[in-house]
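K.L.:
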Amino acid sequence: MTTELRETRLPGVGVKYTLLCGHGQRLAIILHNDGTRELYVFERPTDEEPSAVVELDDDEARQLGAVLGGAYERPKIVEELEMALGELAIEWIPVPADSPAIGKSLAEAAFRARTGITIIAILREPEPVTGAQPDDVIQEGDTLVTVGKLGQYAAFRRLLAEGPFGDQPRSPK
Amino acid sequence: MTLTQLAVTVALLGALGLVASRFGLSAIPAYLLAGLLLGPNEPEFLTVVRPSEVTEFVAELGVIFLLFFLGLEFPLVRFLRAGRHVMIGGAIDLAANAAFGLAVGIAAFGLSFGALVLAAAVYVTSSAVTIKGLTDFRRLADDETGLVLGILLFEDLVIALVLGFAATGGGTAAGTLSIGAKAVAFVLGSLLVARWLTRLVDRVLDGLPREFFLLFVFGLLIGMSATSAALGLSEAIGALMAGVVFADTAARMEIEERFFSFRDLFGALFFFVFGLTIELDAIDTVGWIVALAVVLTLVGKLGGGFAAGRITGLTSRQSLNVGAALVAHGEFTIILAQLARGNPKLSGEVKRDLMAFAGLYVLATATLGVVLMKESRRIGRLLFPVTT
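Residue numbers (my numbering), protein chains in the order written: chain G, 1239 to 1411; chain E, 765 to 1152.
1) Who pairs with Pro1332(G) in a beta bridge, going by DSSP?
2) Quick one: using the 10 Å Cβ neighbour count with 16 as the cut-off for buried, is Ala1089(E) buried or exposed?
3) Are Gly790(E) and Gly1094(E) close, meaning C-beta to C-beta below 8 Å?
4) Quickly, what does DSSP pair Tyr1255(G) with across the bridge? List them, please.
5) Would you call Glu902(E) buried or exposed, if buried means 16 or more other Cβ atoms sit within 10 Å of its Cβ?
6) From this set, Val1305(G), Gly1252(G) and Val1385(G), which residue's C-alpha is nearest Asp1297(G)'s C-alpha?
7) In three-state terms, what does DSSP make of Ile1164(E)?
8) Counting contacts by CB-CB distance shorter than 8 Å, is Phe1148(E) in contact with chain G?
9) Taking Cβ positions only, does Leu916(E) come closer than 8 Å to chain G?
10) Can you tell me whether Thr1284(G) is buried or exposed, with buried defined as 16 or more other CB within 10 angstroms of its CB?
11) Does the distance from the C-beta atom of Ala823(E) to that of Phe1038(E) stay below 8 Å?
12) In the segment 898–928 of chain E, which residues sit with their C-beta less than 9 Å from some C-beta in chain G, listed in chain order?
13) Taking Glu837(E) as the query, report the chain G residues whose CB atoms sit under 8 Å from its CB, ordered along the chain.
14) Please compile the residues from chain E whose C-beta is within a distance smaller than 9 Å of the C-beta of Lys1254(G).
15) Looking at chain G, which residues of the segment 1087–1100 of chain E have a Cβ within less than 9 Å of any of its Cβ atoms?
16) The alpha helix (DSSP H) with Thr1131(E) in it runs from where to where?
17) In chain E, which residues lie less than 7 Å from Tyr1391(G) when you measure between Cβ atoms?
18) With C-beta atoms as the reference, is Phe1403(G) less than 8 Å away from Ala1327(G)?
19) Is the Cβ of Arg974(E) closer than 8 Å to any Cβ of chain G?
20) With DSSP run on the structure shown, which of helix, strand or coil describes Glu1293(G)?
21) At the 8 Å Cβ level, is Pro1288(G) part of the contact set with chain E, yes or no?
22) Give the straight-line distance between the Cα atoms of Glu1211(G) and Val957(E), rounded to the nearest whole angstrom.
23) Identify every residue that forms a DSSP beta bridge with Thr1368(G).
24) Can you tell me where the beta strand (DSSP E) with Leu1277(G) in it begins and where it stops?
25) Whole-angstrom Cβ separation of Tyr795(E) and Phe1035(E), contact assumed at under 8 Å?
26) Between the C-alpha atoms of Val1375(G) and Leu984(E), what's the straight-line distance to the nearest angstrom?
27) Check the DSSP bridge columns for Ser1343(G) and list the partner residues they point to.
28) Which two residues bound the contiguous alpha helix (DSSP H) that contains Ile1019(E)?
29) Give the interface partners of Ser891(E) over in chain G, defined as CB-CB distance under 8 Å, in chain order.
30) Return yes when the Cβ of Gly1031(E) is within less than 8 Å of the Cβ of Phe829(E), no when it is not.
31) Between Leu866(E) and Lys1138(E), what straight-line distance do the alpha-carbon atoms span, to the nearest angstrom?
32) How about Ala905(E) and Pro1372(G): are their beta carbons less than 8 Å apart?
33) Should Ala1290(G) go down as buried or exposed, given a rule of 16 or more other Cβ atoms within 10 Å for buried?
34) Work out the CA separation of Thr1131(E) and Arg1275(G) for me, nearest whole Å.
35) List, in order along the chain, the chain G residues whose C-beta lies closer than 8 Å to that of Arg1141(E)?
36) Output needed for Leu1103(E): all residues of its chain with C-beta closer than 7 Å, excluding positions within five of it in sequence on either side, in chain order.
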């Protein structure tokens, strides 16, 4: 299925994007020149009157965009799509609430050395960590953005959920 | 004008503006009405403010700010990018409504310069009222909205040319032509200057402390307005071109943000002062002209919009929406009449009639147009039960 996203200029107002959804609904998004966004929802493609209109300011729109884009929770289908990358995968992995890794720095946890999986970013409120460094500390509620080979993930998930970390010797400095 | 008078004025502007927005109407007719009420017209017990040098000056600033913003968003580039549909739609709208406007003008003033100004005033739809209506009535997502906005672009460009000589044309045909030529020269000159001025302005604005930023922009705006006035053109063209100069600078967004409030305040006062200076006695002579113009506007805008819609491939219902969105007149009609008022070559009687006409015509069409926009879908379903 291909999605059809059409862009139309509205001179003096902004830009309009129209999306025909697979279930027959139609979405129109108006980007106003002043930064506000309006979201028009049409139940059927032929409807003249929108059944809902949502007005969002810049911040709200970005947050909604991030949620829809899957940055907060990866929908199942996206996880499967990632596998299409071949042997290499990018996975979004939430840290379990009781993970022994919470409070450890990435260097202490040594995920890469022990499983081959590299943590490239950490999603957390309010600011995500991009380009994760060895001294970044894992916190409760984090979602780890990881790169690795598919076969390495089982070990990674087990390590993240169960440890052990405490008895690992710290790397000498 | 005293502070007390100003306080009463602003209070009434606010109150009427709120009432208007409560009914989904534009604030422009509300401000005009406030001017009519508080001005020297009947009822006399409400006569609080009389036109004076102060009110005139405030109105002049209002025109300057309104045109400065038109210049900042001057549609030339966007227009060149716009599609063929916009050209066709704009041309149909121009042909139908300028012709009807000219017919009304000639009926009112005979074959004269006044008739030409009136034609332009009848031709040009209010961008402010229409865009507000499209937003309020949730029409921005509709397919026909692109055509409506395109036609408004087209009209803005035509009116920018008319502004050049509305204040100074008339008299002999040769004189009017030479003023037209001067206006074109001034516009081209400013455009050329704008190209190399942009980087200089950016560098200056970057290094300036906040309070001087405001002064610098304001100074350039007033300076260009004064220059164009001194050249025998109207200050309006200077203000417009000042906007164009700043439009390409990196500071454009900041300028817009900082000057929005000036435009809104002085714009409101401008419409108010215009209301003040309307002489309602002129109703006897212009009443029928207004009535005729409103009828022809309905025919021209609804018909022209409908034709433009059908030719560019919209359905009948959508085409009706296009026409309905173009009925409202507002800021440009008033500005044209105000500029003509400063034109020494027009007789006092013509000016008086033009102003009364513009005021009443805007009151009528801005109200009627908004109601039509609101109801056009329902009317469309009645007229065209089957979508085609």
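Note that CB positions come from ideal geometry on N, CA and C, so glycine has one too.
P.N.:
Checking against the coordinates, here is how it stands:
1) To locate residue 1332(G), count along the first sequence from 1; it is residue 94. According to the DSSP secondary-structure assignment, Pro1332(G) is paired through a beta bridge with Thr1381(G).
2) Counted from its first residue, the second sequence places residue 1089(E) at position 325. Classification of Ala1089(E): buried, given that the 10 Å Cβ count is 16 or more.
3) Sequence index remark: in the second sequence, residue 790(E) carries index 26 (1-based). Sequence index remark: in the second sequence, residue 1094(E) carries index 330 (1-based). At residue 790(E) the sequence reads Ser, which differs from the Gly that was named. In contact: Ser790(E) and Gly1094(E) (Cβ atoms closer than 8 Å).
4) Residue 1255(G) sits at position 17 when you count from the first residue of the first sequence. According to DSSP, which records beta bridges pairwise, Tyr1255(G) is partnered with Glu1245(G) and Ile1267(G).
5) For the purposes of this step, residue 902(E) is taken as residue 138 along the second sequence, with counting starting at 1. Rather than Glu, the amino acid found at residue 902(E) in this sequence is Arg. Label assigned to Arg902(E): exposed.
6) Your numbering for residue 1297(G) matches position 59 in the first sequence. Asp1297(G) has its Cα closest to that of Val1305(G), out of Val1305(G), Gly1252(G) and Val1385(G).
7) Residue numbering for chain E in the displayed model covers 765 to 1152; residue 1164(E) lies beyond these limits and cannot be assessed.
8) Taking the second sequence and counting its residues from 1, the one referred to as residue 1148(E) is at position 384. No, because no Cβ of chain G sits closer than 8 Å to the Cβ of Phe1148(E).
9) Position 152 of the second sequence, counted from the first residue, corresponds to residue 916(E). Output row for Leu916(E): interface = yes.
10) The residue labelled residue 1284(G) in the question sits at position 46 within the first sequence. Per the 10 Å Cβ criterion, exposed.
11) As a position in the second sequence, residue 823(E) is number 59, starting the count at 1. As a position in the second sequence, residue 1038(E) is number 274, starting the count at 1. Yes; because the gap between Cβ atoms is below 8 Å, this pair is in contact.
12) Leu898, Thr899, Arg902, Leu904, Ala905, Asp906, Asp907, Thr909, Gly910, Leu913, Gly914, Leu916, Leu917 and Asp920
13) Position 73 of the second sequence, counting from 1, holds the residue named residue 837(E). Within chain G, the residues near Glu837(E) are Gly1250.
14) In the first sequence, residue 1254(G) corresponds to position 16, counting from 1. The CB of Lys1254(G) comes closer than 9 Å to the CB of Leu904, Ala905, Thr909 and Gly910 in chain E, given here in chain order.
15) none
16) Numbered from 1 along the second sequence, position 367 holds the residue referred to as residue 1131(E). Where Thr1131(E) is concerned, the enclosing alpha helix (DSSP H) stretches over Gly1112 to Leu1147.
17) Counted from its first residue, the first sequence places residue 1391(G) at position 153. Going along chain E, no residue has its Cβ under 7 Å from Tyr1391(G), so there is no contact; the nearest lies around 43 Å.
18) As a first step, residue 1403(G) is located in the first sequence; it is residue number 165 there, counting from the start. As a first step, residue 1327(G) is located in the first sequence; it is residue number 89 there, counting from the start. No, they are not a contact pair.
19) Your numbering for residue 974(E) matches position 210 in the second sequence. Taking 8 Å as the CB threshold, Arg974(E) stays off the interface with chain G.
20) Residue mapping note: residue 1293(G) aligns to position 55 of the first sequence, counting from 1. The answer is strand: DSSP assigns Glu1293(G) an E or B state.
21) For the purposes of this step, residue 1288(G) is taken as the residue at position 50 of the first sequence. Answer yes: the Cβ-Cβ gap between Pro1288(G) and chain E drops below 8 Å somewhere.
22) This structure leaves residue 1211(G) out entirely; chain G is present only between 1239 and 1411.
23) Counting from one through the first sequence, the residue named residue 1368(G) turns up at place 130. Ala1359(G).
24) Position 39 of the first sequence, counted from the start, is the residue given in the question as residue 1277(G). Arg1275 to Phe1280 is the extent of the beta strand (DSSP E) around Leu1277(G).
25) The sequence position of residue 795(E) within the second sequence is 31, counting from 1. The sequence position of residue 1035(E) within the second sequence is 271, counting from 1. About 4 Å; that satisfies the 8 Å criterion.
26) As a working mapping, residue 1375(G) is identified with position 137 in the first sequence. As a working mapping, residue 984(E) is identified with position 220 in the second sequence. Approximately 55 Å between the Cα atoms of the pair.
27) If you number the first sequence from 1, residue 1343(G) lands on position 105. Answer by DSSP bridge pairing, in chain order: Val1375(G).
28) Sequence index remark: in the second sequence, residue 1019(E) carries index 255 (1-based). It spans Arg1016 to Thr1041 - the alpha helix (DSSP H) in which Ile1019(E) sits, taken as one unbroken run.
29) The residue you call residue 891(E) lines up with position 127 of the second sequence. Residues of chain G passing the Cβ test: Gly1250.
30) As a first step, residue 829(E) is located in the second sequence; it is residue number 65 there, counting from the start. As a first step, residue 1031(E) is located in the second sequence; it is residue number 267 there, counting from the start. Result yes, Cβ atoms of Phe829(E) and Gly1031(E) sit closer than 8 Å.
31) For the purposes of this step, residue 866(E) is taken as residue 102 along the second sequence, with counting starting at 1. For the purposes of this step, residue 1138(E) is taken as residue 374 along the second sequence, with counting starting at 1. Approximately 29 Å, taken between the alpha carbons.
32) On the second sequence, position 141 is the one that residue 905(E) refers to. On the first sequence, position 134 is the one that residue 1372(G) refers to. No, the Cβ-Cβ distance between Ala905(E) and Pro1372(G) is not below 8 Å.
33) The count along the first sequence starts at 1 and reaches residue 1290(G) at position 52. It is exposed - the Cβ of Ala1290(G) has fewer than 16 other Cβ atoms within 10 Å.
34) Position 37 of the first sequence, counting from 1, holds the residue named residue 1275(G). Position 367 of the second sequence, counting from 1, holds the residue named residue 1131(E). Cα to Cα, the separation comes out at about 28 Å.
35) The residue you call residue 1141(E) lines up with position 377 of the second sequence. Per Cβ cutoff of 8 Å: Glu1286 and Glu1287.
36) Position 339 of the second sequence, counted from the start, is the residue given in the question as residue 1103(E). Contacts found: Leu927, Ala930, Ala931, Ser998 and Ala1000.
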